[in-house]
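Written below as structure tokens is the structure these notes are about.
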Amino acid sequence: MKIKRIFLITAILFLCSIFCAAPCFSQKPHEGNLRDLRKSPVSYHMSFDNRDFFEEDFIEQSGKKSLEERKIDFPEGKFGKGIRMSFIPDPPDETNMSGIDLDLITAVLFNTHPGNTMGYNEPFIWGGGRINARLGAVAFWAKGKLPFATPLFEQTTISFGRKERDLLGVFVDQDKKISAYVKDARYVRHELLSDVQWDHTVWNHIVLNWDWANAMELWLNGKRIASSWGKAGWFETALPGLFHLPAPGIVYDELFLLDRPLAESEIKRLMVNNQPPKEETQVYTRKSPHTKNLAKYSGADKSEHLPTVTPALSARFREVWPTKVSDGKIPGWHLVDGRNEMAWPHEYAFFTIIPRDGDYHAQKADIKIPARSVVNYLSLTGNLTDVKVQSGIEDIKHAEEVLKVPQGEHFFYGSMIPATEGATFRIPFTESFGTPPDFNGDILLPLSGEKRIQELGMYHVTFSPIESTPFSGEKLVIHTRQPELIQRTWFAVHSLVARDERRIIEANASGEKGKKIYDIGAFARLNIFSKAYDQPTGIKEISLSIPIKTANKEEVLFLRMRDPGVPSRLWNQLAVKLSGYDRSFKMLHLTIDIQDLVVTVGDRLWLDIGTAGQTEVLIGDPGKEADLFVSTAPAFECMDEYANKEIVPCQSQYSKQYEYMPWQFSGKQVSFDNPYCYGGSFDMIFPALAIQRVKPDDFVANFFIKMSSNDFKDGYLKKPESAPLISLPNPNHAPEWAVYWRDYNQKRWKIVKWWMKRQNADGQIGGGWNDDTLFGNMGFEDIALDGNNEFIGFLNVIQTKFELTKLFKDGFCNIYPIDRMHTGDFISERYKTLIYNLGQAYATEREMESAWRLGKPDKTPVNYYENGFKSSVNVLNWYWGKDVPTEPYISRPLPELTLELQRFSSLLDSNSFYRMTAAHVMTDDFVPYGSSWSGRNNIYTYMLGGERGTRIDAHPRLAVSWPYGGGADVARLVMFADDQSLQTLVYSFDDKLHKLGMRFHRIKDGRYSIKLYPDSGNGTPKGEPIWSTEKDIFRFDVATVPIPPKTPLILSVEQIKAYERPALLPDLAIDPWDAVWEDNSITAEIHNLGNGRVENVQVRLLDGEKIIGDKFVQVLEAASDFVPKKTTISFQNIPYSQNLKIVIDPLNKIREILKENNQVKVLPSTYQSNDPILWNLYQKRPSKAWAEFFKKIYGNEQAFSIQP
């Protein structure tokens, strides 16, 4: 019966391959016995005689675009119907690439909408279980005229980012020549170029064969047109994401994906009869593996410093899991996430074509180990060109080199190092500073060469005599039986394991008779599965005892252990040198004391071993029993360690791809037990689901599960208006609006405080400069304007240290190519620094540099973008009083505000707080609900009495700011504001009197009454004022109001008498760094920031209150042409005193925009600032700033040679 059943299935599959339009070879297992792996080399077949294949189409699943809108039709093909994307999109160019040159998942999500003219209409199918870039083939028919250079077939990676996108493909170039490529996990693109041009008049049958050990060959109509077979290769690749047939206007037919290369005879049979190869043994074996090449690609030829295991010794590897991996204060999860994705440092323009958009480029990786842990073995994977590892104390300025990777093409390198306890390891990335590859401009960014580290492993290796080293734990006998696999494990094998490494055996409590020798050479890996666990069980360590024989006297054994819950992630990978195993089978004893993990229902431990040279493993010999020992513990003992490591891929992926969850787009359910793709975006959810099975109360895991649900998008609740509202205790019977105002702002101030502790010395916080320059200025500006001077300092550091890069210099963007909108991103929020630092010459003159560019494209060397300069113009006009709102600000009714504030507070829960902090998403997207950067319904508007400026062409509209005495415990709502009055609700939760400062930003000059009334309870005054005063108020003046504790109040400001204000006013200014004493001489730089000319300006030098001398500035022109107006004066023969100060216009004769910027303390040239990098930038000494930066980071002012 079994023979008949196999024959019947084979016959049905054969007929389906000819007549059926639905995919006949899918990732789904055969019904019945799950332990049978797929035997057919065809992993997927796509025919077009009907539309059943659309069930697996990513766009069709989403329902966001009909076939008619996609303009897909089905003309005659080579065998029945074909498929054609009849719409010809706009060709890619510099003006449209920012929306299409993305990783494919993001690009499809971004571009799938009616009316889109950029294409993305073809079917997109997940490649998981269908294609493996280590080994396989793709074959298809195509005919037609190509409108431009384009891929014919493209299988992209599952990874995020345009620099991570390419995996393998066939393409036609600008010269119409047909070529192919595979990109490996070292980020090396292996191209196979042919001289054959595309002939659009005939049907073309295209076959691409690839094999990591042999490279590629490209076939056209049964003839090999290009080959690198046997001449090149690679070792590891990223996992597959979506594949598609993207060429518009041509007809495709009969796509076959195979998990091994096709022979010439098979290609011809496929061409003539449309018949693929039939079932065969499940493991592909090469006829002549090139061992030397395999050793070169893997790293087996770099074995000099590997730990050496002999038959007399038992080796024990104790994994050391780091307490911190970072570049300064920016997390480096990507180095320890167990994946071949998003290696560190990220390449520039990693996410989009925009340099520094989400592409934080680490300068180094610092890896801290626990205090009493010892490391003497390191393993590294990735592109290891010029990689070295240093060791030192925590600040690691004086580091010792412990490892230097030799040159080569290898993916893996391992080395013993001097035993190091409680240290910090450093991997330096930066080789120089300059302009990144593929860009132009006089730029200073860290350049890392080819370095891209995928994974770092740390171990403490010890050896002991084999006869005195008994193994601990449950003994599982390894036998030749192939285990029965549940669906998710079956899918994992076909997704993650190429056909040349699908030897699968089982370790169980009792063995099975039958002896067999497995050759694991040429990395024909032997996969060892433990028994399936049926209860949550902690795993502490595993030991492998196997008889092994090598053909060479020395051989390198690679051992990997996969994550049982999420097997796309490697829990451990290491290599050892075998010595003395070459004459007969001898026992190999290895123990790995792993970072604890927890297995549960259906999980199996999964190890694989492989070598480059011929190596035999003996299984099933009673005299030399092969065993796996598993040391277990109660699950609760291992749960925390397991969760800490398991969650890392979630953190790594979510921080980049949180906006682009494919299942939220397609609606296709993500099932832990029935996956359809591994890696990439799916790592935002699978590790969390794995943790939830054994630790259901894990907050971080539950956060990722919640954010991945259909209730959320980009980390925000899709329907905030339907969220349940919290009720807060109110023992002091404060106004209800104030209770929620306070709770909301306390959380927001905590978010700000969290971030202020995590800023690197160069000002970055981890998003890439295009994002970091936006951080805090879209959602937290009101905190800066509420007396939080530390936060202002934090924002100033970002905006000022950004200037070290020269990305934006002399008022315009210096790096190109870049799309114009994002040139403006670099400074689109910078105008707010003028508002935060009112009267500061440095911030004001910086805006003048950009404002001057508006309307001068002929004088802007590159990247002229009109909208990018408008906010600089507007904020200066606002400062000069020319662009001040004229319409009154009228708040929403108090009951509506109270409900809104309750909603704001309710939505800023623990999950939202994590999203805004430790999730480390792109730093242009930290905007809690209720802090939106646009519109009226946000806390900025409510507290400052005016809408914030838009991203482009911003016009400040705030009525008031609160420079001192406020904070999260003093609730305020501006109910009305115009140019003559202001009314604000106030309630202080503090137990003491607050002296609340209020700065007036739009009020007209005049005499004003300021009064505090009791609040009647509904936002209206009750009775007489409890405090009042009268004073002259000029725009930007500050008034101080005493706010008693726990008293509902209404603060009223009313004009009594109007004063005339000149339209043109100067603004004399001196910054704290502008007055310097050196060698008994004082120099001071005097600025006019106003739009009015000024003459005969007195500048006085005082020592305390004693007048030392006066100087006069004859004239300072107005800065209304956006050209800074300044001059330098000096005083000679002045002994230094700590009480020296410069005062401009000491007799107050000149009417100005602002008076509080008219005096500073004189500082010695040797003054030691808390931030010498920043101080030197303020003093316009970039060379010295760079030297201080190098000193801070590298302990050496001359670590790199640069020309600022």
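My numbering applies: residue 240 is where the sequence shown begins, and numbers increase by one. Where a beta carbon is used, it is the ideal one built from N, C-alpha and C, also for glycine. These numbers come from a predicted model, not from an experiment.
DSSP bridge partner residues for residue i (one or two, in chain order)
i, result
"Met455", "Trp449"
"Glu1029", "Answer is none; Glu1029 lacks a bridge partner."
"Glu468", "Rather than Glu, the amino acid found at residue 468 in this sequence is Trp. In the DSSP output, where bridge partners are listed per residue, Trp468 has none listed."
"Val435", "DSSP, once it has assigned bridges, lists no residue as partnering Val435."
"Ala1090", "Its beta-bridge partners do not exist; DSSP assigns none."
"His718", "Glu745"
"Phe1239", "Val1199"
"Ala424", "According to DSSP, Ala424 bridges with nothing at all."
Distance between residue j and residue i (C-alpha atoms, nearest Å)
i, j, result
"Ile1031", "Ser966", "33 Å"
"Asn443", "Lys416", "13 Å"
"Ser920", "Pro806", "15 Å"
"Leu817", "Ile787", "10 Å"
"Ile1446", "Ala763", "In the structure displayed, the chain extends from 240 to 1443; residue 1446 sits before or after that span and is not available."
"Glu1269", "Thr1012", "41 Å"
"Glu1436", "Asp1410", "15 Å"
"Val1354", "Pro1202", "33 Å"
"Glu295", "Gly321", "17 Å"
"Leu533", "Ala851", "6 Å"
"Ala250", "Ile743", "With a pLDDT of 35 at Ala250, under the threshold of 50, the predicted position of this residue should be treated as unreliable, and no value is reported."
"Tyr1444", "Gly849", "For residue 1444 there is no data in the structure shown, the boundaries of the chain being 240 and 1443."
"Phe213", "Ile785", "Because the chain spans 240 through 1443 in this model, residue 213 falls outside it and cannot be assessed."
"Cys1052", "Pro516", "57 Å"
"Ile1441", "Leu683", "8 Å"
"Phe678", "Asp1064", "18 Å"
"Arg277", "Ala746", "22 Å"
"Asn1378", "Lys1400", "7 Å"
"Glu713", "Phe868", "5 Å"
"Ala1394", "Pro1287", "The identity of residue 1394 in the sequence shown is Lys, whereas the question assumes Ala. The alpha-carbon atoms of Lys1394 and Pro1287 are separated by roughly 34 Å."
"Val411", "Asp405", "15 Å"
Whole-angstrom C-beta distance between residue j and residue i, which should lie under 8 Å
i, j, result
"Asp1163", "Gly1005", "With 8 Å as the limit, Asp1163 and Gly1005 do not qualify as a contact, their Cβ atoms being about 12 Å apart."
"Arg187", "Leu341", "Past the boundaries of the shown model lies residue 187; the chain is included only from 240 to 1443, so the question cannot be answered."
"Ala977", "Ala1210", "4 Å"
"Lys986", "Phe1152", "6 Å"
"Ile705", "Ile666", "The pair is not a contact, with the Cβ atoms about 35 Å apart (cut-off 8 Å)."
"Gly918", "Arg578", "6 Å"
"Trp216", "Pro1403", "The structure shown does not extend to residue 216, since the chain is modelled only from 240 to 1443, so the question has no answer here."
"Gly1206", "Lys1234", "Not quite, the Cβ-Cβ distance comes to about 12 Å (not below 8 Å), so this is no contact."
"Thr530", "Ala761", "7 Å"
"Leu1212", "Met1237", "The pair is not a contact, with the Cβ atoms about 13 Å apart (cut-off 8 Å)."
Boundaries of the beta strand (DSSP E) in which residue i is found, first to last residue
i, result
"Leu481", "Pro479 to His483"
"Met324", "Ile322 to Met324"
"Pro675", "Unbroken run through Pro675: none, as it is neither H nor E."
"Met697", "Arg691 to Pro704"
"Ile1347", "Lys1345 to Leu1355"
"Gln1371", "Lys1364 to Gln1371"
"Asp566", "Lys563 to Asp566"
"Ile744", "Arg742 to Asn747"
"Trp1008", "Unbroken run through Trp1008 is the alpha helix (DSSP H), Trp1008 to Asp1011; no beta strand (DSSP E)."
"Leu1168", "Correcting the residue identity first, residue 1168 is Tyr in this sequence and not Leu. Where Tyr1168 is concerned, there is no enclosing beta strand (DSSP E), given that its DSSP letter is neither H nor E."
"Ile656", "Phe651 to Glu660"
Range covered by the alpha helix (DSSP H) that runs through residue i
i, result
"Ile1022", "Glu1020 to Ala1023"
"Ser1248", "From DSSP, Ser1248 is part of no alpha helix (DSSP H) but of the beta strand (DSSP E) over Gly1245 to Pro1253."
"Asp982", "Glu975 to Met995"
"Gln1294", "It is not in any alpha helix (DSSP H) - Gln1294 instead sits in the beta strand (DSSP E) that spans Leu1288 to Ala1297."
**Request:** Return the chain-ordered ranges of every beta strand (DSSP E) run that is complete within the stretch 576-646 and spans a minimum of 3 residues.
**Result:** 603-607, 613-622, 627-631 and 639-643
**Request:** Go through the stretch 830-899 residue by residue and report every complete run of the alpha helix (DSSP H) that reaches 4 residues or more, in order.
**Result:** 874-885 and 887-896
**Asked** What runs of the beta strand (DSSP E), each 3 residues or longer, lie entirely inside the stretch 485-567?
**Response** 490-497, 552-558 and 563-566
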